[in-house]
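Notes to accompany the following structure.
There are 2 protein chains.
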Amino acid sequence: MSPMPQRPSREDFFKKARKKVHIAISSRDNLLIQTVSAVDELNKSSNLLFERLTEWYGMYFPEFKTPDNAKYVQGVLALDRANPNHEEIQRIFGPQAQSVEDKIRNSMGSKDFSPEDLAQVRSLALQIQSTWALRNSVEAYEAKIATELCPNLSHIAGPELAAKLVAQAGGLQRMAMFPSSTIQVLGAEKALFKHLKSGSKPPKHGLIFQHPLVGQSPRNVRGKIARALAAKLTIASKADAFSHNFIAEKLKISFETHAKQIIAKALQPPANRPKQG
Amino acid sequence: MSPMPQRPSREDFFKKARKKVHIAISSRDNLLIQTVSAVDELNKSSNLLFERLTEWYGMYFPEFKTPDNAKYVQGVLALDRANPNHEEIQRIFGPQAQSVEDKIRNSMGSKDFSPEDLAQVRSLALQIQSTWALRNSVEAYEAKIATELCPNLSHIAGPELAAKLVAQAGGLQRMAMFPSSTIQVLGAEKALFKHLKSGSKPPKHGLIFQHPLVGQSPRNVRGKIARALAAKLTIASKADAFSHNFIAEKLKISFETHAKQIIAKALQPPANRPKQG
Numbered sequence: 004m005s006p007m008p009q010r011p012s013r014e015d016f017f018k019k020a021r022k023k024v025h026i027a028i029s030s031r032d033n034l035l036i037q038t039v040s041a042v043d044e045l046n047k048s049s050n051l052l053f054e055r056l057t058e059w060y061g062m063y064f065p066e067f068k069t070p071d072n073a074k075y076v077q078g079v080l081a082l083d084r085a086n087p088n089h090e091e092i093q094r095i096f097g098p099q100a101q102s103v104e105d106k107i108r109n110s111m112g113s114k115d116f117s118p119e120d121l122a123q124v125r126s127l128a129l130q131i132q133s134t135w136a137l138r139n140s141v142e143a144y145e146a147k148i149a150t151e152l153c154p155n156l157s158h159i160a161g162p163e164l165a166a167k168l169v170a171q172a173g174g175l176q177r178m179a180m181f182p183s184s185t186i187q188v189l190g191a192e193k194a195l196f197k198h199l200k201s202g203s204k205p206p207k208h209g210l211i212f213q214h215p216l217v218g219q220s221p222r223n224v225r226g227k228i229a230r231a232l233a234a235k236l237t238i239a240s241k242a243d244a245f246s247h248n249f250i251a252e253k254l255k256i257s258f259e260t261h262a263k264q265i266i267a268k269a270l271q272p273p274a275n276r277p278k279q280g
Numbered sequence: 004m005s006p007m008p009q010r011p012s013r014e015d016f017f018k019k020a021r022k023k024v025h026i027a028i029s030s031r032d033n034l035l036i037q038t039v040s041a042v043d044e045l046n047k048s049s050n051l052l053f054e055r056l057t058e059w060y061g062m063y064f065p066e067f068k069t070p071d072n073a074k075y076v077q078g079v080l081a082l083d084r085a086n087p088n089h090e091e092i093q094r095i096f097g098p099q100a101q102s103v104e105d106k107i108r109n110s111m112g113s114k115d116f117s118p119e120d121l122a123q124v125r126s127l128a129l130q131i132q133s134t135w136a137l138r139n140s141v142e143a144y145e146a147k148i149a150t151e152l153c154p155n156l157s158h159i160a161g162p163e164l165a166a167k168l169v170a171q172a173g174g175l176q177r178m179a180m181f182p183s184s185t186i187q188v189l190g191a192e193k194a195l196f197k198h199l200k201s202g203s204k205p206p207k208h209g210l211i212f213q214h215p216l217v218g219q220s221p222r223n224v225r226g227k228i229a230r231a232l233a234a235k236l237t238i239a240s241k242a243d244a245f246s247h248n249f250i251a252e253k254l255k256i257s258f259e260t261h262a263k264q265i266i267a268k269a270l271q272p273p274a275n276r277p278k279q280g
């Protein structure tokens, strides 16, 4: 009788499983996904605190408004209604300085904000600034990982958008297996499934709307340009995941030429357009 | 003919309106409400970032777990798997130090975390620590305002709970007009309206569940104790809003005696209980 082939032991199975887990959690894809989510959450967190800041500081100086959030925070840290520092106000607000000073004089905000009351609301402003600084640093790090991990995608779409696409797809290998039509609407899953379920209009673009040639083009050509961009990104993702060749320069030029043609054609007056059919 | 009484001008109306706005936004109630919301949002924000931290750091050291979030963050800042610092580990983890060291030796986490990768995840840990520190400072400030604004409520319920009750009621004056039954379920509006709409059980306590004599008492007497506490808080809020007398010492003692009686009665074996009816 020939000996039975030895079955792998329980230990062997554990070893194998541990190795697989190790590979999965160690991948640079995973690190990229973490940074994309971290940037997202730092944004959420700073928005939450910023909203509170405007309401809280609004007790002291309700007339103070500016569309620039960073300036608002600077204002909170600098403005003292009792002793306005004119140079400081000039430095921060430039041409708007005069209007800020007028508002300070006529404010109907609380008059009995003690120095401690002001210090507390300012400490919230400082926290928001430090959250923004961390967000920027993580974003730069995210761009660095994206450029290393997927140089082709990053060259065409820019590293931030490339990172978001890879994160949304759940990894570079997965993304490289997607058809172009999926990549075109990555990030617009809600609209896509609504379309499939209830027959509403299908989305024309997902995350790639953030590419300036998609999002800043005339509305009626955005779908076409999104399709062209998705086609190139599909090729680029395969190169990043499998061949590791850098082929993005050609792809980028070809996409940009194509996009400009589409826009030029749409801008032609109808009479000059070549007849169809 | 007697002259018509002069009608107030548009200007006068504006002046009056501005004054009313000024009073409303300047009130210490409003400041208290801002701090309660700020503490809430700082908690939300740090929880959001902490969850990301565990997932991100989990790539590097997935076996590291501790129920104490502050210790987890300390660990992230201190643990270097390549060169574990034994004294530091001993200092942070005390009796668990050995188990942490074992886990470091057998970790299946990523081996190619560069110093930069580690620095980035640590900067998130630092941000969480600073959010906690700010939360604590705002909480102390909130307690201070509560003790000044509503000394009676703060004495009975503790300043944090008093602050939350006033914020939930929308101001001290409003709270002072509420009946005791409303104060008992302040903060449990969802359960209350569900009860009114669909006939589910009514809530026995809202925010006042956080008082140790309510939340930490046996389940079957919590409703009774909550009712007793709400009765005293109702009286206290009226004193804080209108008479400004400090009457809370008596109220507190009377409530605590009552609560202890309720608990003692519930713990008696059924045979010893005085017959009812």
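Order-wise, the sequence lines are chains A and B.
What the first sequence shows, in this note's numbering, is residues 4 to 280, in sequence order.
What the second sequence shows, in this note's numbering, is residues 4 to 280, in sequence order.
The beta carbon of each residue, even a glycine, is placed where N, CA and C say it ideally should be.
Inter-residue Cα distance where the pair is residue i and residue j
i, j, result
"A/E119", "A/E252", "58 Å"
"A/S246", "A/D71", "45 Å"
"B/V224", "B/S49", "35 Å"
"A/S110", "B/K23", "13 Å"
"A/G97", "A/P87", "15 Å"
"A/A128", "B/E151", "25 Å"
"B/Y144", "B/K235", "25 Å"
"A/S40", "A/K197", "25 Å"
"B/G173", "A/R84", "28 Å"
"B/S102", "B/A244", "55 Å"
"B/S140", "B/A166", "15 Å"
"B/S113", "A/N46", "27 Å"
"A/S157", "A/S183", "17 Å"
"A/L137", "A/A191", "28 Å"
"A/A3", "B/I92", "Here chain A has residues from 4 to 280 only, and residue 3 of chain A is not among them."
"A/N248", "A/F181", "19 Å"
"A/K18", "B/S117", "25 Å"
"B/E90", "B/P154", "47 Å"
Assigned secondary structure, residue i (DSSP; H/G/I helix, E/B strand, else coil)
i, result
"B/G280", "Reliability of the predicted coordinates at B/G280 is poor, the pLDDT of 43 falling under 50, and no value is obtained from them."
"A/S113", "coil"
"B/I256", "helix"
"A/S49", "helix"
"B/R10", "coil"
"A/P221", "coil"
"A/K241", "helix"
"B/Q271", "coil"
"A/H208", "coil"
"A/Y60", "helix"
"A/F17", "helix"
"B/H247", "coil"
"B/A85", "coil"
"A/S157", "helix"
Bounding residues of the alpha helix (DSSP H) (the contiguous stretch that carries residue i)
i, result
"B/D120", "P118 to L152"
"A/A100", "A100 to R108"
"A/N72", "N72 to A81"
"A/S183", "S183 to Q187"
"B/A172", "P162 to A172"
"A/G202", "No alpha helix (DSSP H) holds A/G202; DSSP gives it neither H nor E."
"A/L175", "L175 to M180"
"A/R94", "H89 to F96"
Proximal residues to residue i (C-beta, below 7 Å), its chain only, five neighbours per side dropped
i, result
"A/F16", "none"
"B/A269", "P221, N223 and V224"
"B/I159", "K235, L236, A239, A251, L254, K255 and F258"
"B/K204", "H198"
"B/V217", "H208, I211, R225, I228, A229 and L232"
"B/A262", "L216, I228 and A231"
Neighbourhood of residue i by C-beta distance below 6 Å, restricted to the same chain and skipping five residues each side
i, result
"B/I36", "A170"
"A/V188", "L195, P206 and G209"
"A/G280", "Residue placement at A/G280 is flagged as unreliable, the pLDDT there being 43, under the threshold of 50; the coordinate-derived value follows with that caveat. The answer is none, since no qualifying residue turns up."
"A/E142", "V42"
Close beta carbons around residue i, own chain, < 8 Å, minus the five adjacent residues each side
i, result
"B/L164", "L210, I211, Q213 and H214"
"A/K106", "F64, E66 and F67"
"B/K241", "A179"
"A/V124", "L56, W59, Y60, Y63 and V79"
"A/I95", "K74, Q77, G78 and A81"
"A/R31", "I148, E151 and L152"
Integer Cβ distance of residue i from residue j, believed to fall under 8 Å
i, j, result
"A/G61", "A/T69", "Not confirmed; about 13 Å, so no contact."
"B/T134", "A/Q130", "7 Å"
"B/N186", "B/T38", "The displayed chain sequence assigns Ile, not Asn, to residue 186 of chain B. With a Cβ gap of about 21 Å, B/I186 and B/T38 do not count as contacting."
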